[in-house]
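Colleague:
Protein chains in written order, with UniProt numbering: chain B, 1 to 579; chain R, 1 to 100.
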């Protein structure tokens, strides 16, 4: 105990040191872990040349994480490694990690890795006096020197406690081991089983390690999630949250909850919705590329159909699309879409479309996220469709789903992927949005709702835009029908009390036709009347003209008579004047 | 003296390998203690090999040595591994199945 306090003081001094020359941007020396996401959380990796403790219960991935650290060190950073196993014989270990694509035998043959299995069998060992663990030190030293290792893993020291009786010696020796590792300048990982009250069973390793990471494997509602948390990291800042992580065929990857800053690039390029008529409801004529679209609606309101339309449209433009179907198998989806004239199979054959169908409960939310992440990396889609996200709620609770969706959306945005989600609403009278909708509605850029409009003995489908960031949009509820030719948005029918649908629309149309006919005949009648009036007018004009002409004629005659008269007068009188 | 018929009955020699590290105090004690046990109870009916793992490191790996000093009895009978400086003579004798 005394020793422990002494130790604590030492670390206190060391802790202050790095912060002193802060003005010249001191960066704590770190060793990249090679584990996806972990370097982000640890701000660069594990402390260089110091021991790190990884603790956790059985089967939470301690050995794997440390193995990945070693192997990535060799393959990615050309730092050789030593794996000292206290639990698994080296043959078993090789076999176990082979399934993750790690070939230990090859690395061993290339003299880049040493795996030393330390067997401590209590039944074969008797203690007869004082001893120390010099043998272990020498073996470790031998292993490190033989490959010039920079990374060392000790998995799990606790086995020593199980095999040996003298706890006092062990504790003292382990403390010495940690110091020795530091002096040796190797970046070490020590794994430890989780104790009841302390992080490790012995409550020793966590104090002598410079960085402590705890792994956890929890089952909530029959779905398990693995989590990782950094408990301490001397001399460095680190993420303090619990981060979910996954083990799959590529080893471990940690998913940071969110990118904290929102600074993804945006595109003002537009992509068509694929639904004829829907484009016109947006001022811009479609969605922005890289935006998120939510289509919510009650059961049977053609959410999937709209999603497929979008997928079809994107594929037509040679955009790579991934369709996550959580309800239907790809075959079923293809068949169903064929019935309305959409051929998805064609796109799949061309390699433009991938349909991933799985039950949401197949794996935890995180694994779904990871699958997506992998796909984005490998397939590089520009469009992603999730149908429906509301099903994911069966997997996790509200917070988890929300956090998963935030991360999902972040990830999609960062990659400038246009994403379309569908969400099933519960059929309820009030218009309060339910969980899935609520969780994402503030995150999505465009929100389209499809709903049932129940009227006089019939059900009609209506579509409207709830929001569309950065773009004007129609405020109308448009009725649409799905026939063998697909979705058709009907023109807006205004009635005396608003927009009409279904039978009301038809009766209104009929009324309008009748009205129009009546109006037409009225117009015709009026036209004829005018015609007649014109004729009367024209007749009157003609009569007046005649009258006028006769007056003019009369005037002409008078003028002529007058002229003649004066002529005669002139002829008779001028002779006298000439004289 | 009672163990002489035992040796006669069991002609196989005791074989020991003692692992030590350099000139450490505990290693020295172990060598001393083992020698005195052998001299007292086995009277030349043994083979002892002392391996210094600071010079022969591979042996430490081959024999699964963790603690120093370690004594391995390879025969006769069950192989046994003893950790420590062998200062508890009674226990050592019991474990090595040597009748005092």
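Idealized CB from N, CA, C, for every residue including glycine.
All values derive from a computational prediction rather than experimental measurement.
#1: In terms of DSSP beta bridges, what is residue 47 of chain B paired with?
#2: Please classify residue 666 of chain B: is it buried, with 16 or more other beta-carbons within 10 angstroms of its beta-carbon, or exposed?
#3: Establish whether the CB of residue 84 of chain R and some CB of chain B are separated by less than 8 Å.
#4: State the start and end residues of the unbroken beta strand (DSSP E) segment that holds residue 30 of chain R.
#5: Using CA coordinates, which residue listed in B:391, B:112, B:108, B:51 is at the minimum distance from residue 77 of chain B?
#6: Smallest Cα separation from residue 356 of chain B: which of B:340, B:379, B:242, B:342?
#7: Expressed to the nearest angstrom, what Euclidean distance is found between the alpha-carbon atoms of residue 77 of chain R and residue 215 of chain B?
#8: Does the CB of residue 133 of chain B have a neighbour CB from chain R at under 8 Å?
#9: Using a Cβ-Cβ distance cut-off of 8 Å, determine whether residue 128 of chain B contacts chain R.
#10: Do residue 447 of chain B and residue 477 of chain B have their C-beta atoms within less than 8 Å of each other?
#11: Using only the alpha-carbon positions, how far apart do residue 23 of chain B and residue 267 of chain B sit?
#12: At least one CB of chain R closer than 8 Å to the CB of residue 97 of chain B: is that the case?
#13: Compute the beta-carbon to beta-carbon distance between residue 79 of chain R and residue 27 of chain R, rounded to the nearest angstrom, for a pair I have assumed lies under 8 Å.
#14: Between residue 40 of chain R and residue 86 of chain B, what straight-line distance do the alpha-carbon atoms span, to the nearest angstrom?
#15: With respect to the beta strand (DSSP E) encompassing residue 113 of chain B, which residues constitute its N-terminal and C-terminal limits?
#16: Looking at the unbroken beta strand (DSSP E) that takes in residue 85 of chain B, where does it start and where does it end?
#17: What residue range does the beta strand (DSSP E) around residue 460 of chain B cover?
#18: Would you kindly report the start and end of the unbroken beta strand (DSSP E) that includes residue 292 of chain B?
#19: Give the straight-line distance between the Cα atoms of residue 40 of chain B and residue 351 of chain B, rounded to the nearest whole angstrom.
#20: For residue 494 of chain B, count neighbouring Cβ atoms within 10 angstroms of its own Cβ and tell me buried if that reaches 16, exposed if not.
#21: Please identify the residue among B:177, B:27, B:194, B:66 whose C-alpha is closest to the C-alpha of residue 56 of chain B.
#22: Candidates R:16, R:21, R:75, R:22: which alpha carbon is nearest residue 37 of chain R's?
#23: What does DSSP give as the partner residues of residue 36 of chain B in its beta bridges?
#24: So, with DSSP's three-state summary, where would you put residue 423 of chain B?
#25: Nearest chain R C-beta to residue 21 of chain B closer than 8 Å, yes or no?
#26: Does the beta carbon of residue 13 of chain R come closer than 8 Å to any beta carbon on chain B?
#27: By the three-class DSSP mapping on this structure, what secondary structure does residue 449 of chain B have?
#28: Between residue 73 of chain R and chain B, is there a C-beta pair that is closer than 8 Å?
#29: Where does residue 330 of chain B sit, in a helix, a strand or coil, going by DSSP?
#30: Which same chain residues, not among the five before or five after residue 161 of chain B, have their C-beta less than 8 Å away from its C-beta?
#31: Using 8 Å as the limit for Cβ to Cβ distance, is residue 76 of chain R near chain B?
#32: Less than 8 Å between the beta carbons of residue 387 of chain B and residue 327 of chain B, yes or no?
#33: When you compare each of B:375, B:463, B:368, B:244 to residue 38 of chain B by their alpha carbons, which one comes out closest?
#34: Closer than 7 Å between beta carbons: that is the criterion. Which residues of the region 112–128 of chain B meet it against chain R?
#35: To the nearest angstrom, report how far apart residue 21 of chain B and residue 175 of chain B are at their CA atoms.
#36: Note down, in chain order, every chain B residue with its Cβ under 8 Å from the Cβ of residue 163 of chain R.
Modeller: Let me lay it out:
#1: Translated into positions along the first chain, residue 47 of chain B becomes position 47. According to DSSP, which records beta bridges pairwise, residue 47 of chain B is partnered with B:30.
#2: Residue numbering for chain B in the displayed model covers 1 to 579; residue 666 of chain B lies beyond these limits and cannot be assessed.
#3: Position 84 of the second chain holds residue 84 of chain R. Output row for residue 84 of chain R: interface = yes.
#4: As a first step, residue 30 of chain R is located in the second chain; it is residue number 30 there, counting from the start. No beta strand (DSSP E) holds residue 30 of chain R; the alpha helix (DSSP H) holding it covers 25–37.
#5: Residue mapping note: residue 77 of chain B aligns to position 77 of the first chain, counting from 1. When only C-alpha atoms are compared, the closest one is B:112.
#6: Taking the first chain and counting its residues from 1, the one referred to as residue 356 of chain B is at position 356. The shortest C-alpha separation from residue 356 of chain B is found at B:379.
#7: Residue mapping note: residue 77 of chain R aligns to position 77 of the second chain, counting from 1. Residue mapping note: residue 215 of chain B aligns to position 215 of the first chain, counting from 1. Their backbone Cα atoms lie some 45 Å apart in a straight line.
#8: If you number the first chain from 1, residue 133 of chain B lands on position 133. Closer than 8 Å to some Cβ of chain R, the Cβ of residue 133 of chain B qualifies, so yes.
#9: On the first chain, residue 128 of chain B is found 128 positions in, with the first residue counted as 1. Yes, its Cβ sits closer than 8 Å to a Cβ of chain R.
#10: In the first chain, residue 447 of chain B corresponds to position 447, counting from 1. In the first chain, residue 477 of chain B corresponds to position 477, counting from 1. The answer is no: Cβ separation not under 8 Å.
#11: Counting from 1 along the first chain, the entry for residue 23 of chain B is found at position 23. Counting from 1 along the first chain, the entry for residue 267 of chain B is found at position 267. Annotation note: pLDDT 48 at residue 23 of chain B (below 50); position unreliable, coordinate value reported separately. Between residue 23 of chain B and residue 267 of chain B, the C-alpha separation is close to 38 Å.
#12: If you number the first chain from 1, residue 97 of chain B lands on position 97. For residue 97 of chain B, the answer is no, since every Cβ of chain R falls outside 8 Å of its Cβ.
#13: Here residue 79 of chain R is taken as the residue at index 79 of the second chain, counted from 1. Here residue 27 of chain R is taken as the residue at index 27 of the second chain, counted from 1. Not really, about 21 Å apart at Cβ, beyond 8 Å.
#14: Along the second chain, one-based indexing puts residue 40 of chain R at 40. Along the first chain, one-based indexing puts residue 86 of chain B at 86. The alpha-carbon atoms of residue 40 of chain R and residue 86 of chain B are separated by roughly 38 Å.
#15: Start at 1 with the first residue of the first chain, and residue 113 of chain B comes out as number 113. It spans 113–117 - the beta strand (DSSP E) in which residue 113 of chain B sits, taken as one unbroken run.
#16: One-based indexing of the first chain puts residue 85 of chain B at position 85. Start and end: 81–85.
#17: Your numbering for residue 460 of chain B matches position 460 in the first chain. That run of the beta strand (DSSP E) goes 459–468.
#18: For the purposes of this step, residue 292 of chain B is taken as residue 292 along the first chain, with counting starting at 1. Run containing residue 292 of chain B: 292–297, per the beta strand (DSSP E) assignment.
#19: Here residue 40 of chain B is taken as the residue at index 40 of the first chain, counted from 1. Here residue 351 of chain B is taken as the residue at index 351 of the first chain, counted from 1. Using only the alpha carbons, I get a separation of about 34 Å.
#20: One-based indexing of the first chain puts residue 494 of chain B at position 494. By the neighbour-count rule (16 or more Cβ atoms within 10 Å), residue 494 of chain B is not buried but exposed.
#21: On the first chain, residue 56 of chain B is found 56 positions in, with the first residue counted as 1. Here the closest residue by C-alpha is B:194.
#22: Reading the second chain from its first residue, position 37 is the one you call residue 37 of chain R. Among R:16, R:21, R:75, R:22, the Cα nearest to that of residue 37 of chain R is on R:16.
#23: Here the question's residue 36 of chain B lines up with position 36 in the first chain. According to DSSP, which records beta bridges pairwise, residue 36 of chain B is partnered with B:253.
#24: As a working note, residue 423 of chain B is residue 423 in the first chain. If DSSP states are grouped into helix, strand and coil, residue 423 of chain B belongs with the strands.
#25: In the first chain, the residue the question calls residue 21 of chain B occupies position 21. Annotation note: pLDDT 44 at residue 21 of chain B (below 50); position unreliable, coordinate value reported separately. It does not; no Cβ of chain R falls within 8 Å.
#26: What you label residue 13 of chain R is simply residue 13 of the second chain in a count that begins at 1. No, because no Cβ of chain B sits closer than 8 Å to the Cβ of residue 13 of chain R.
#27: Position 449 of the first chain, counted from the start, is the residue given in the question as residue 449 of chain B. Reduced to three states, the DSSP call for residue 449 of chain B is strand.
#28: Looking up residue 73 of chain R in the second chain gives position 73. Residue 73 of chain R does not count as touching chain B.
#29: Your numbering for residue 330 of chain B matches position 330 in the first chain. Three-state DSSP puts residue 330 of chain B in a helix.
#30: Position 161 of the first chain holds residue 161 of chain B. The answer, listed in chain order, is 167, 170, 201, 202.
#31: The residue given as residue 76 of chain R occupies position 76 in the second chain. With 8 Å as the cut-off, residue 76 of chain R does not count as an interface residue toward chain B.
#32: As a first step, residue 387 of chain B must be located in the first chain, where it is residue number 387. As a first step, residue 327 of chain B must be located in the first chain, where it is residue number 327. The answer is yes: Cβ separation under 8 Å.
#33: Sequence index remark: in the first chain, residue 38 of chain B carries index 38 (1-based). Of the listed residues, the one whose Cα sits closest to residue 38 of chain B is B:244.
#34: 116, 118, 119, 120, 124, 125, 126, 127, 128
#35: Within the first chain, the letter at position 21 stands for residue 21 of chain B. Within the first chain, the letter at position 175 stands for residue 175 of chain B. Because the pLDDT of residue 21 of chain B is 44, which lies under 50, any placement of that residue in the model is unreliable, and the number read from its coordinates should be weighed accordingly. Rounded to the nearest angstrom, the two C-alpha atoms are 30 Å apart.
#36: The structure shown does not extend to residue 163 of chain R, since chain R spans only 1 to 100, so no value can be given for it.
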